[in-house]
Every structure is written in C-alpha cells, then in structure tokens.
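There are 2 protein chains.
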Amino acid sequence: MSDGNKGAGPSARSKRADARRNQENLLDAAASVFVTSGVEAPVRDIAAEAGVGVGTIYRHFPTRADLIIAVYRHQVEACAEAGPALLASSATPHAALGQWINLFVDFLVTKHGLAAVLRSDNTSFDTLHSYFIDRLLPVCTQLLDAAADAGEIRPDLKAYELMRGVGNLCIGAEHDPSYDARRLVALLIAGLRQPR
Amino acid sequence: MSDGNKGAGPSARSKRADARRNQENLLDAAASVFVTSGVEAPVRDIAAEAGVGVGTIYRHFPTRADLIIAVYRHQVEACAEAGPALLASSATPHAALGQWINLFVDFLVTKHGLAAVLRSDNTSFDTLHSYFIDRLLPVCTQLLDAAADAGEIRPDLKAYELMRGVGNLCIGAEHDPSYDARRLVALLIAGLRQPR
DNA sequence: AACGATACGGAACGTCGTTCCGCTTTGCAA
DNA sequence: TTGCAAAGCGGAACGACGTTCCGTATCGTT
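Sequences listed follow chains A and B, in order. According to UniProt numbering, the first sequence is numbered sequentially starting from 1. According to UniProt numbering, the second sequence is numbered sequentially starting from 1.
Shown next as structure tokens:
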C-alpha cells in the first residue's frame, strides 16, 4: 500500500519508466477525448490522442471500464466523501440528501455519455456499474436512512433504486437543451417527501 | 390514402405478391426476435428468423427505426388514442394523466431495450424518436394542460420533459428485478402535484 | 556492451450495420 | 403457353468498432 495505488486501476509503481509515462499520457488523452467526443469515443481515437497503439491501452487498462474508472476516480471519490460532510453541515438530513444528489447529477451531466454507459447492456461496462454502486451506494444509503429516520421522506425507497433513477434521468441530458435533468431529479426528490 | 397505408412504413399495396409476403414474415419475425433478444437484436438474426437475406430487410425498411416503428405502430397508436378517452372517463385530469403515464410505462417496460434505443445517440434512431414525439407528445400535452388548468399540478413542466424523463426511467427496467421503473415514475408524478 | 525482461505498435479477427449487384421470380402481354 | 422486362432477392463485401496477439523495440541491469 505504500505505492499509493488506490486498488482498482493498474499500479503506477513497479513499472518501467516508459510504461508509467504512457499510462499517464493515456489518462490525460482519455480525459481530453471524453470531453470532446464523450465516454463512448472509439478506443483508436484515444490511442491516437495519446500517441500510442491500441495494444498499449489494453495492457494498462484491461477493459474500457477500467480506463473510465481511472479517469473519473478522483471525482467519484470526492462525491462519496461529500456525503457525510453534507450530513454534518446541513440543517436537515433531507437538505443534505438533496445537495448530495445535486452533486451526483452535476457530475453525471457534465460527463458526456457517462450516464448512458452506466446503463449500457454491454457486459464490459459491468465493472463500471459495480464501481459506482460500491463507492456511492453506501453514501446514498446513509443519507436516505437519516432522512427517513427524521421522518422527512417516505421510508420505502431503496438507495439503489433512487440512484438508478437519478442516473437514468441524466441520460442524454448533455445533448438536448430542452431537457433539464436537474429539474426532473428535483421533481423526483420532491415526490420522495413524506406526505405527512 | 385508399390503400390503408398509415404513412410511415412501406406500403403493403402495389407490390408483388412475394414482396408483400416477405414484408409480413419480416414483421412477425422481428416482433418475435424483439421479444426474445430485445430491440437491438442483430439485423442478421431477424433475417434468419424470417428466412430472408439481410438485403430484403433493408428494401422493405430503409432503416432499423422503420422496422421498429412498423412492429409497434399498433400499440403506440392505441396508447395515443387512450389519452383523450381517459380524460373523458376519469374523475380528474390528474387521474387521467397518471393512468396514461402508466400505459406508456407498461408499454416501454415490456419492450426489451426500446426505452434505451429511444435515447441512443445513434442517429439512425432519430426517426424512431421523432415518431414517438410526433404521435404521443400532443396527447401528453393535452393531459398535462388539463391537469394544470385544474390546478392539480404545477404548471411549469413541459410535456416533452415529462415524457423524456419517464422514458429514461424505464431504461434497463426489464433486466433488473431490484429496479422498479413504475415506482419511480409514480414518485415523479407525485412530485408533480401542486403543493397547494 | 550485452542480454533478458518488459512493453510497444498495429495487423488481424470477429461482430455489427449497411450497401451493392448478379441472379431469380413474378406477372403481364403476346 | 411462352417470353421478357421489371421487381425483388440473397448474401458477399465494406467500413467501423472492440479486442487479441505476436514480432519487434526499448529499458535497465549486469
């Protein structure tokens, strides 16, 4: 653990110097291509942007999902860590939940195609889906439980369903100016409020 | 207009007998493959099921979207026609809206992959998207306006956004037993209710 | 300097949607 | 009935894609 590797991507240590350099170029190139062409950009485009062959991508990132995870790890991490912080700093658990969902939505909506890929039936994206669930579901559960315990929301919705619903609402939001995912998510959260 | 052609698919008239037969086999085969393998099933599978070559599919249905539209036209039509009927028979416009949305959701959820394809960024599905919008948006608008005029719901949500949101919530619902699209849609509709 | 381990590039493969064209079938007309 | 254009057909062929594989180049150690 002394190498700082976070555990899901390939290690940045114990490699040849050129290999490490390539891995970082690849991350930068992928991030850049994801911004301009979306997360579903062809692997060859990413390779070209990084100035490497496609084989190099697959050696460093065994599956596309691993590359995507590596690119967004920091932001997902930040989102996960924001959960408990919001719970501590907000007036009510419901307010914390709302703000955290906003964070999540902002993240998804600004990553072209990420929400869609999260729901792709392509099995090679399963590990991406799992990563999001593993990292964010506990956070969401904590917020949801706190709000439910406070009696602010109906207690019968699972965090998994909420996250999937929110993720789904974000699909395609980046392409269509007349579709405002944030607004619909807000409506969904409003529907969550306890009628009491 | 006397041939009964509804306008979007290829005409069933003025064709050679074998061509008409093939077209119908194709529709049956596609419907069957869609049920078992989903709407995104490979074209070659549909051709094989119908016992024809792939070229025959493209002659009858210039794009995949046309084939999908032809397969589901009747059900979309029924859904569209149910709108005004519900409005006339329901106690309140809001109730009619809720029931109509349920119809729409049931339709989407039972057609494997249809909701996803509706949101695909693949441009060849644009005409499918357009067909749904053209046929169903006016109906939804009518229901939404009626409910808004009755003061039952907040008046600031466009029918387009509602339909896209509902469609999005249905994506992937058929694969995951722990995700209940109907429940989330119901929550969304609940969020629509006027606080007043 | 030399050599084994490591990593690289990109050709090659399988799958997909879609197009194209030589051949077959149809149905009308002689 | 037969002949023959037009209509329709099958499936090979093409280009884009994700992924694998392997001959070659590079690294870093001796």
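Note that beta-carbon positions come from the ideal geometry of N, C-alpha and C, so glycine has one too.
Closer than 7 Å at the beta carbon, the chain A residues around A190/B: As a working note, residue 190/B is residue 190 in the second sequence. Neighbours of A190/B across chain A, judged by C-beta separation under 7 Å: G191.
Helix, strand or coil at I153/B according to DSSP, with G and I counted as helix: Numbered from 1 along the second sequence, position 153 holds the residue referred to as residue 153/B. Residue state, collapsed to three classes: strand.
A181/B vs A173/B beta-carbon contact at 7 Å: Position 181 of the second sequence, counted from the first residue, corresponds to residue 181/B. Position 173 of the second sequence, counted from the first residue, corresponds to residue 173/B. Cβ distance < 7 Å, so A181/B and A173/B count as in contact.
For A193/B, the residue or residues it bridges with in DSSP: For the purposes of this step, residue 193/B is taken as the residue at position 193 of the second sequence. Residue identity check: residue 193/B is Arg in the sequence provided, not Ala. Its beta-bridge partners are I153/B.
CB contact check: N168/A to chain B, cutoff 7 Å: Taking the first residue of the first sequence as position 1, residue 168/A is located at position 168. It does; some Cβ of chain B falls within 7 Å.
Span separating the alpha-carbon of G151/A from that of T141/B: Translated into positions along the first sequence, residue 151/A becomes position 151. Translated into positions along the second sequence, residue 141/B becomes position 141. Going from the Cα of G151/A to the Cα of T141/B covers about 35 Å.
Length of the line joining the Cα atoms of T127/B and R64/B: Residue 127/B sits at position 127 when you count from the first residue of the second sequence. Residue 64/B sits at position 64 when you count from the first residue of the second sequence. Their Cα atoms are separated by approximately 10 Å.
Helix, strand or coil at V52/B according to DSSP, with G and I counted as helix: On the second sequence, position 52 is the one that residue 52/B refers to. Here V52/B sits in coil by DSSP.
G55/A versus A148/A, N22/A, A70/A, residue with shortest Cα-Cα distance: Reading the first sequence from its first residue, position 55 is the one you call residue 55/A. Out of A148/A, N22/A, A70/A, N22/A has the C-alpha closest to the C-alpha of G55/A.
Top-ranked residue by Cα proximity to A29/A, from T123/A, L97/A, C170/A, I68/A: Within the first sequence, residue 29/A is the residue found at index 29, counting from 1. Proximity to A29/A across T123/A, L97/A, C170/A, I68/A peaks at I68/A, based on C-alpha coordinates.
Simplified DSSP assignment, three categories, for C170/A: Residue mapping note: residue 170/A aligns to position 170 of the first sequence, counting from 1. Note: C170/A maps to coil in three-state DSSP.
Inter-stretch contact at 8 Å, needing at least 3 Cβ pairs: the stretch 100-119 of chain B / the stretch 66-84 of chain B: Taking a contact to require three or more Cβ pairs closer than 8 Å, the stretch 100-119 of chain B and the stretch 66-84 of chain B qualify as touching.
Rounded distance between the beta-carbons of D45/A and S37/A, thought under 8 Å: On the first sequence, position 37 is the one that residue 37/A refers to. On the first sequence, position 45 is the one that residue 45/A refers to. With 8 Å as the limit, S37/A and D45/A qualify as a contact, their Cβ atoms being about 6 Å apart.
Residue environment, E24/A, which counts as buried when at least 16 other CB atoms sit within 10 Å: Counting from 1 along the first sequence, the entry for residue 24/A is found at position 24. The residue in question, E24/A, is exposed, as its Cβ has fewer than 16 Cβ neighbours within 10 Å.
Coil, strand or helix - F107/B by DSSP: Reading the second sequence from its first residue, position 107 is the one you call residue 107/B. Taken through DSSP and simplified to helix, strand or coil, F107/B comes out as helix.
Residue range of the unbroken alpha helix (DSSP H) whose run includes N122/B: On the second sequence, position 122 is the one that residue 122/B refers to. Premise fails: N122/B is in no alpha helix (DSSP H) and is neither H nor E.
Assigned secondary structure, E81/B (DSSP; H/G/I helix, E/B strand, else coil): Counting from one through the second sequence, the residue named residue 81/B turns up at place 81. Helix at E81/B.
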